[in-house]
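Asks: Residue numbers for the sequence shown follow the UniProt record's numbering, beginning at 1 and rising by one. Each residue gets a CB set at the ideal place from its N, CA and C atoms; glycine is no exception. Handing you this structure, nothing more for now.
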Amino acid sequence: MHDTTPLRAFIGRHERLFVLTGAGCSTNSGIPDYRDAEGRWKRAQPMTFQAFMGSHPARQRYWARSLVGWRSFGKVRPNGAHAALARLETMGRSELLLTQNVDRLHQAAGSSRVVDLHGRLDRVRCMGCGWETPREAMQEALVRENGAWAGLGAAQAPDGDAELEGVDFSAFVVPPCAACGGVLKPDVVFFGEGVPRARVDAAFEALGRADAVLVVGSSLMVYSGFRFVQAAARAGKPVAAVNLGRTRADDVLALKVEQPCAEALAFLL
Ligand SMILES: [Zn+2]
Numbered sequence: 001m002h003d004t005t006p007l008r009a010f011i012g013r014h015e016r017l018f019v020l021t022g023a024g025c026s027t028n029s030g031i032p033d034y035r036d037a038e039g040r041w042k043r044a045q046p047m048t049f050q051a052f053m054g055s056h057p058a059r060q061r062y063w064a065r066s067l068v069g070w071r072s073f074g075k076v077r078p079n080g081a082h083a084a085l086a087r088l089e090t091m092g093r094s095e096l097l098l099t100q101n102v103d104r105l106h107q108a109a110g111s112s113r114v115v116d117l118h119g120r121l122d123r124v125r126c127m128g129c130g131w132e133t134p135r136e137a138m139q140e141a142l143v144r145e146n147g148a149w150a151g152l153g154a155a156q157a158p159d160g161d162a163e164l165e166g167v168d169f170s171a172f173v174v175p176p177c178a179a180c181g182g183v184l185k186p187d188v189v190f191f192g193e194g195v196p197r198a199r200v201d202a203a204f205e206a207l208g209r210a211d212a213v214l215v216v217g218s219s220l221m222v223y224s225g226f227r228f229v230q231a232a233a234r235a236g237k238p239v240a241a242v243n244l245g246r247t248r249a250d251d252v253l254a255l256k257v258e259q260p261c262a263e264a265l266a267f268l269l
């Protein structure tokens, strides 16, 4: 049995929290994460932006796996961790919730002061003309063009991907943009791709107003999230983290709680 007193006290002491969440927040919803307790990759590195944009076979492989993965990913529901953080916002204690997750589960749980640092998987965007369409509509197009793939089963991988291996992807049809025929890409930041400047600026502004940082379910191995903790530490703002296993910021943490997120935050509900 973990003692929740130190975390309660931390949240009680700081009125304007900058909350930063990662994959560990969504694992209870059945979405696998990328890294083990030591912060190492559990599986092959995900697709890079350069590979996706530069190669049609890479896009065939991506969308074929995504077609299969979306069937379960599209149905996930928020868990207790999302509910607890939505409650924190209702209590007026959350300056901003910055999430590295692309699953929109914080919004589904009722949080509205949210910045999706790495974008959102429920939307698809044309890299040529900027045309946007819901991922659900893309799924219908994918299934229409690739009927035989719709019945395939495979284990779920992070970010709506599926572990589809040893398959010939060369016949897979990737629907182009309906407006200009360009390349469609999920509206998420791929590895090797920069986070849009406006999003980063909005997050830093909120961090400036915050009096402390609460990290929930992230090992902070990706620099795009880690830099906010670095900035907080430089500004003398205390940082607490709820995470199973090591984080990249362990040496600057004022408090570390090694417990599943939903369990550690249950006292908020
Ligand atoms: Zn287009």
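Could you tell me the distance, in whole angstroms, from the CA atom of cysteine 126 to the CA atom of leucine 265?
Replies: 39 Å
Asks: Does the pairing of the region 82-94 with the region 172-191 give three or more beta-carbon distances under 8 Å?
Replies: In the pairwise beta carbon analysis, the region 82-94 is classified as not touching the region 172-191: fewer than three pairs are separated by under 8 Å.
Asks: Over what stretch of residues does the alpha helix (DSSP H) that includes serine 66 continue unbroken?
Replies: Residues 56-73.
Asks: Taking 7 Å as the limit between beta carbons, can you name the residues of its chain near serine 29, skipping five residues before and five after?
Replies: Contacts found: Val76, Arg77, Pro78, Asn79 and Leu105.
Asks: Does the region 222-233 come within contact of the region 44-55, defined as at least 3 CB pairs closer than 8 Å?
Replies: no
Asks: Say yes only if the C-beta of alanine 179 is nearer than 7 Å to one or more non-hydrogen atoms of ligand 1, and no if none qualify.
Replies: yes
Asks: Give the list of continuous alpha helix (DSSP H) stretches no shorter than 4 residues that lie fully inside the region 93-139.
Replies: 105-108
Asks: Please report the straight-line C-alpha distance between phenylalanine 49 and valine 102, rounded to a whole angstrom.
Replies: Each residue's Cα considered, the two are about 16 Å apart.
Asks: Look at the alpha carbon of threonine 8 and the alpha carbon of valine 183, and state the distance between them as a whole number of angstroms.
Replies: Just to set this straight, residue 8 is arginine in the shown sequence, not threonine. A straight-line Cα-Cα distance of about 48 Å links arginine 8 and valine 183.
Asks: Would you say the beta carbon of threonine 192 is closer than 7 Å to some non-hydrogen atom of ligand 1?
Replies: Per the sequence presented here, residue 192 reads as glycine, with threonine not at that position. Incorrect: glycine 192 has no Cβ contact closer than 7 Å to ligand 1.
Asks: To the nearest angstrom, how far is it from the Cα of arginine 13 to the Cα of aspartate 33?
Replies: 31 Å
Asks: In chain order, what residues of the same chain have a beta carbon less than 6 Å from the beta carbon of histidine 82, not counting five sequence neighbours either side?
Replies: Leu105, His106 and Ala109
Asks: Could you tell me which whole alpha helix (DSSP H) segments of length 4 or greater appear in the region 195-264?
Replies: 197-209 and 223-234
Asks: Kindly confirm or deny that the region 13-25 and the region 210-218 touch, where touching means at least three C-beta pairs closer than 8 Å.
Replies: The region 13-25, when compared against the region 210-218, does touch it at the 8 Å Cβ threshold.
Asks: Taking just the CA atoms, how far does glutamate 205 sit from glycine 260?
Replies: According to the sequence provided, residue 260 is proline. The question's glycine does not apply to it. Their Cα atoms are separated by approximately 29 Å.
Asks: Between leucine 121 and proline 186, is the Cβ-Cβ spacing less than 8 Å?
Replies: yes
Asks: Express the C-alpha separation of arginine 248 and arginine 209 in angstroms, rounding to a whole number.
Replies: 24 Å
Asks: Look at valine 239 and leucine 152 and say whether their C-beta atoms are less than 8 Å apart.
Replies: no
Asks: Alpha helix (DSSP H) containing proline 186: first to last residue?
Replies: Note, proline 186: premise wrong, no alpha helix (DSSP H); beta strand (DSSP E) at 184-188.
Asks: To which residues does DSSP link residue 276 through a beta bridge?
Replies: The requested residue 276 is not part of the displayed model; the chain covers only 1 to 269.
Asks: Hey, is tryptophan 131 close to ligand 1, as in C-beta under 7 Å from one of its heavy atoms?
Replies: yes
Asks: By DSSP, does phenylalanine 172 sit in helix, in strand, or in coil?
Replies: coil
Asks: Beta-carbon within less than 6 Å of alanine 141's beta-carbon, same chain only, minus the 5 sequence neighbours each way: which residues are those?
Replies: Pro175
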